[in-house]
Amino acid sequence: MVRLEHLCKQFAANRAVDDVSLTIKEAAITILTGADGAGKSTIFKMLVGLVKKDSGAILLRGADIGGDYAKITSICGYMPERFSLYTDLSVEENLNFFAAVQQVPLKRREELKNRLLERTGMGPFRKRRAGDLSGGMKQKLALSTILLSSPQLIVLDEPTTGVDPLSRIEFFAIIEALKNEGRTIVMSTPYLDEAEKGDFIVFIKNGRVMRQDAIADLRSSFPARLFRILPRGNIFEVMRQVESIPGLGGQAHMRGKFIRYMQTGAENLGRQIPQLEMVEEKPTLEDMYIYYERQQ
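Per the numbering used here, residue 0 is the first one in the sequence shown, and the count goes up by one each step.
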């Protein structure tokens, strides 16, 4: 649906976005992930025209939009990382206000508002002040306000940061339902476990794309094997030993009480680690991100 080609953005001495090209597939969930400051928010702001790109192109269904961002914004709902609700207004009053701003006809407004309140489970709270909502409920309300315009493209910048686990699950259930309706969703998150819920993944580091692919294809083509090792003795002392073994130190890291070792060659060097057990596991997206980051 949307293709970003060679986007660049410089802020003073900071190269925030450096030659980024990526594709946002139609009727799918595309997730940008990376550490804070990786450039995810700047990419989204350039996509919707809030920040002017230094160079590069934004293509909508194969056609370069040039400087006409109305082609994007007319079909797009954008939820920034810090979405500003009116805390003194109720849930329903916020929805009415944003519907008016988006020029939603009154009859259509009531129909949409009631449907969104039901879908998000916010109906019983329609009279509650937005300032009195929990973090997860605020994010569901914020999502509802951008859905009032029935956007084809939904852009969500870290929508679940600071939200409790149950609300995150509920939020993603809504996102999945929107995808099943044929909406195109692109969102960013620093949480790799959340990224597992997407269809396509884009790993971002220091303003550059490290890797992008369909998540299923990324898993099937991953070139390494992952082992979970329970070390014998103090894990910190064992890790110091590991770091001194040629070819092994850069392929192992701690996770809780375990050492996770990524075998990239024919030999399983993990056998050299003092251990009580070693179990092969399927790598998660977090493991894959660490692997590709270390290839940079």
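Glycine included, every Cβ here is placed at the ideal spot set by N, Cα and C.
Applying the 10 Å Cβ sphere with the 16-neighbour rule, what's the burial state of L165? exposed
Environment of I168 [buried if 16+ CB atoms lie within 10 Å]: exposed
In chain order, what are the residue ranges of uninterrupted alpha helix (DSSP H) at least 4 long that sit wholly in the segment 0 to 48? 39 to 46
Ranges of the alpha helix (DSSP H) found wholly within the segment 211 to 235, counting only runs of at least 4: 214 to 220
Please classify G130: does DSSP put it in a helix, a strand, or coil? helix
Residue ranges of each alpha helix (DSSP H) run of no fewer than 4 residues wholly in the segment 66 to 117, ordered along the chain? 69 to 72, 90 to 100
Work out the CA separation of V1 and Y190 for me, nearest whole Å. 24 angstroms
Boundaries (first-last residue) of the alpha helix (DSSP H) holding R125: No alpha helix (DSSP H) holds R125; DSSP gives it neither H nor E.
Measure the C-alpha to C-alpha separation of L21 and F10 and round it to an integer number of angstroms. Roughly 21 angstroms separates the two Cα atoms.
Less than 8 angstroms between the C-beta atoms of F171 and V162, yes or no? Cβ atoms of F171 and V162: not closer than 8 angstroms.
Could you give the C-beta distance for I272 and I234, rounded to a whole number, given that I count them as a contact under 8 angstroms? Incorrect: roughly 10 angstroms between the Cβ atoms, too far for contact.
Let me make sure I understand the geometry here. Which of A56, E25, I289 has the alpha-carbon closest to that of K204? I289
By alpha-carbon positions, which one of M45, T32, A26, Q240 ends up nearest to V16? M45
Can you give me the start and stop residues for the alpha helix (DSSP H) that I184 sits inside? Here I184 belongs to no alpha helix (DSSP H); instead the beta strand (DSSP E) covers 183 to 188.
In DSSP terms, what A156 is bridged to: Sequence inspection shows Asp at residue 156; the Ala mentioned does not correspond to that position. Beta-bridge pairing links D156 to S187.
Let me know if L275 comes out buried or exposed under the rule of 16 or more other beta-carbons within 10 Å of its beta-carbon. exposed
Inter-residue Cα distance where the pair is K52 and A194: 26 angstroms
Compare the Cα-Cα distances from I184 to each of K24, E285, D286 and report the closest residue. K24
Is the CB-CB distance between T29 and V201 below 8 angstroms? yes
Give me whichever residues DSSP pairs with Y260 in a beta bridge. F226, A251
Near H5, which residues of its chain fall below 8 angstroms by C-beta distance, leaving aside the five closest residues on each side in sequence? Taken in chain order, the residues that qualify are D18, V19, S20, S54, G55, A56.
Boundaries (first-last residue) of the alpha helix (DSSP H) holding I168: 164 to 179
Counted within 10 angstroms of its Cβ, other Cβ atoms place L105 as buried (16 or more) or exposed: exposed
Give every residue of the same chain whose Cβ lies closer than 6 angstroms to the Cβ of F226, excluding the five residues on either side of it in the sequence, and list them in chain order. Y260, G269, M277, E279
DSSP bridge partner residues for A56 (one or two, in chain order): Looking at the DSSP assignment, A56 forms a beta bridge with E4.
Figure out for me which residue from I228, R125, K8, M186 has the closest Cα to the Cα of G76. M186
Need the endpoints of the beta strand (DSSP E) that I203 sits in, please. 199 to 204
Going by beta carbon distance, what residues of the same chain come within less than 8 angstroms of S149, once the five residues before and after it are set aside? For S149, where only same-chain residues beyond five positions count, the Cβ hits under 8 angstroms are L111.
Identify whether A265 lies in helix, strand or coil by the three-state DSSP scheme. coil
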